[in-house]
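Q: Plus 17 on top of the position in the sequence shown (first one is 1) and you've got the numbering used here.
Virtual Cβ for every residue (Gly too), placed ideally from N, Cα, C.
Take a look at this one; I'll ask things after.
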Amino acid sequence: MTPLRSQGSRLPFRGSSPAIHPGFLVLPAIALLLIVYVFPLLQLLRLSVSDAGPGVLPGSGFTLSQYAAFFADPTSQRVIWRSVWVALLTTVITLLIAFPYATSMVRCGPAMRRILVCVALLPMTTSGVVRAYGMIMILGANGPINQALMAMNLISEPLRILYGPAALIMGNVYFCLPFVILPLAAGVSKLDQRLFDAATTLGAGRIQVFYTVALPLLVPAIAAGSMIAFTLTMTSYITPGLLAGQGYLVITTLLGQKMFELANWVSGAVVSTVLLVCVLCLSGLYQSWIEKRSKFYAAR
18 MTPLRSQGSR
28 LPFRGSSPAI
38 HPGFLVLPAI
48 ALLLIVYVFP
58 LLQLLRLSVS
68 DAGPGVLPGS
78 GFTLSQYAAF
88 FADPTSQRVI
98 WRSVWVALLT
108 TVITLLIAFP
118 YATSMVRCGP
128 AMRRILVCVA
138 LLPMTTSGVV
148 RAYGMIMILG
158 ANGPINQALM
168 AMNLISEPLR
178 ILYGPAALIM
188 GNVYFCLPFV
198 ILPLAAGVSK
208 LDQRLFDAAT
218 TLGAGRIQVF
228 YTVALPLLVP
238 AIAAGSMIAF
248 TLTMTSYITP
258 GLLAGQGYLV
268 ITTLLGQKMF
278 ELANWVSGAV
288 VSTVLLVCVL
298 CLSGLYQSWI
308 EKRSKFYAAR
């Protein structure tokens with residue numbers, strides 16, 4: 018049978034269009050980042066060094082007096098150190114809770130694994146406001162924790178847990194757990210059981226196998242989870258705003274106070290810049306330390 022196409026025609030979609038350079042595929046993402054992140058960030062930096070007064074958005078000139086006043090204020094210094102140590106303590110506690118959970122999730126059967134995955138992802142199905150109000154109900158004076166302690170005659174009156182560091186750290190841990198469990202579970206699932214068997218055959222105990230075999234191989238997963246937890250805790254606004262309140266300020270609630278209550282846009286821009294620099298510098302130092310200390314870090 019004679020073919021329908023003529024002798025000089027080409028097959029469709031075969032050499033009919035020029036090759037597209039892979040760089041063009043990232044242009045939409047780059048454009049989106051420039052519009053919604055880089056451009057507002059540059060505007061924020063420009064505002065932080067302007068001589069605009071309180072309540073005024075546009076400003077001209079250049080001055081660092083706002084930064085000098087911020088770092089000279091003892092309250093600002095306390096807020097920065099408080100934010101850093103709360104984020105560090107939250108990261109450590111989250112890792113200690115997430116590691117056995119991720120290990121159990123990987124080593125259990127398929128049915129139990131599905132249940133544990135659903136439980137781990139359950140906090141992500143609700144908004145931060147709902148999670149924070151749930152913690153308020155649990156940690157409040159009439160919450161189940163105080164009621165249980167009073168029923169066991171361990172305390173005579175309800176403990177004041179809310180609006181302090183304890184409530185803030187517990188709320189941050191609850192918020193960060195899913196983001197730490199998933200990287201750790203991915204790292205644990207890639208461990209080769211033959212390495213553990215070989216170490217055990219050579220006479221290593223369980224603790225020695227963990228520190229010399231498992232832990233170095235899990236450094237990339239631990240680094241990823243800890244950086245996520247630290248960054249989320251440092252930049253979270255809803256959780257400290259509802260659980261810590263104005264009596265226990267961290268850098269994000271101080272930012273909200275400057276922006277929304279005092280309408281001091283220049284001072285708020287300074288706090289935002291300090292927060293950004295703190296997160297970037299501490300994350301960069303931590304990543305550099307991880308890369309120097311472990312030869313098992315993620316391949317470049």
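For Trp306 and Val236, what's the separation of their Cα atoms in angstroms?
A: Distance between the alpha carbons of Trp306 and Val236 is about 12 Å.
Q: Taking its Cβ as the centre, do 16 or more other Cβ atoms sit within 10 Å of Ile250, making it buried, or is it exposed?
A: Here residue 250 is Thr; the residue named in the question, Ile, does not match the sequence. Per the 10 Å Cβ criterion, buried.
Q: For the alpha helix (DSSP H) that Phe56 lies in, which residues bound it at each end?
A: 56-65 is the span of the alpha helix (DSSP H), which, as asked, contains Phe56.
Q: Quick one: grab the DSSP three-state call for Ala104.
A: In the structure shown, Ala104 sits in a helix (DSSP, three-state: H, G or I).
Q: So, with DSSP's three-state summary, where would you put Cys135?
A: Three-state result, Cys135: helix.
Q: If contacts are defined as beta-carbon pairs under 8 Å, then Ala286 and Leu64 qualify, I think. What distance do you get, rounded to the angstrom?
A: Their Cβ separation, rounded to whole angstroms, is 4 Å, which keeps Ala286 and Leu64 in contact under 8 Å.
Q: If I'm right that Arg148 touches Pro161 with Cβ under 8 Å, what's the distance once you round it to whole angstroms?
A: With a Cβ gap of about 16 Å, Arg148 and Pro161 do not count as contacting.
Q: Measure the alpha-carbon distance for Leu201 versus Thr120 and round it to whole angstroms.
A: In a straight line, the C-alpha of Leu201 is about 8 Å away from that of Thr120.
Q: Out of Val205, Pro182, Leu219, Leu212, which one is the CA nearest neighbour of Leu266?
A: Answer by Cα proximity: Pro182.
Q: How is the alpha helix (DSSP H) around Ile186 delimited, first residue to last?
A: 182-206 is the extent of the alpha helix (DSSP H) around Ile186.
Q: Would Val226 and Thr217 be called neighbours here (beta carbons separated by less than 8 Å)?
A: Contact flag set, yes.
Q: Any C-beta of chain C sitting closer than 8 Å to the C-beta of Pro127?
A: Of the protein chains in this structure there is only one, and it is not chain C.
Q: What would DSSP say about Gln304, mapped onto helix, strand or coil?
A: The answer is helix: DSSP assigns Gln304 an H, G or I state.
Q: Just to confirm my understanding: we take Val296, look at its own chain, exclude 5 residues before and 5 after, and list those with CB closer than 7 Å. What are they?
A: Thr248, Met251, Thr252.
Q: Could you check what DSSP says for Leu299 in three-state terms: helix, strand or coil?
A: Three-state DSSP puts Leu299 in a helix.
Q: Report buried or exposed for Phe41, applying the criterion of at least 16 other Cβ atoms within 10 angstroms of its Cβ.
A: It is exposed - the Cβ of Phe41 has fewer than 16 other Cβ atoms within 10 Å.
Q: Quick one: which unbroken alpha helix (DSSP H) runs of 4-plus residues sit fully inside the segment 212-261? Chain order, please.
A: Listed in chain order, the complete alpha helix (DSSP H) runs (minimum 4 residues) inside the segment 212-261 are 223-226, 236-252, 255-260.
Q: Anyone know if the C-beta pair for Val288 and Ile268 falls short of 8 Å?
A: Yes; because the gap between Cβ atoms is below 8 Å, this pair is in contact.
Q: At which residues does the alpha helix (DSSP H) containing Gln164 begin and terminate?
A: Its alpha helix (DSSP H) spans residues 161-168.
Q: Check this for me: beta carbons of Leu61 and Thr290, under 8 Å apart or not?
A: Closer than 8 Å, so yes.
Q: Determine the closest residue to Ile114 out of Tyr54, Ala137, Lys309, Val103, with distance taken between C-alpha atoms.
A: Selected option, being the one with the closest Cα: Ala137.
Q: Are the CB atoms of Gly145 and Ile255 nearer to each other than 8 Å?
A: In this structure, Ile255 lies closer than 8 Å to Gly145 by Cβ.
Q: With a CB to CB cut of under 6 Å and the five nearest residues on each side skipped, what residues in its chain are close to Gly242?
A: Closer than 6 Å at the Cβ level, and outside the excluded window around Gly242, lie Val197, Pro200, Leu201.
Q: What residue does the alpha helix (DSSP H) around Ile268 start on, and which one ends it?
A: Unbroken alpha helix (DSSP H) run through Ile268: 268-273.
Q: Can you name the start and end residues of the alpha helix (DSSP H) that Leu44 belongs to?
A: Counting along the chain, the alpha helix (DSSP H) containing Leu44 begins and ends at 44-50.
Q: Suppose contacts are defined by Cβ-Cβ distances below 8 Å. Is Leu179 in contact with Asn163 by that definition?
A: Result no, Cβ atoms of Leu179 and Asn163 do not sit closer than 8 Å.
Q: Pick helix, strand or coil for Thr290, following the three-state DSSP scheme.
A: Three-state DSSP puts Thr290 in a helix.
Q: Helix, strand or coil: how does DSSP classify Ile172 here?
A: Here Ile172 sits in coil by DSSP.
Q: So the alpha helix (DSSP H) Ser144 belongs to, where does it begin and stop?
A: That residue, Ser144, is in no alpha helix (DSSP H); it is neither H nor E in DSSP.
Q: Taking Cβ positions, are Ser300 and Gln83 nearer each other than 8 Å?
A: No; because the gap between Cβ atoms is not below 8 Å, this pair is not in contact.
Q: Where does Ile37 sit, in a helix, a strand or coil, going by DSSP?
A: Three-state result, Ile37: coil.
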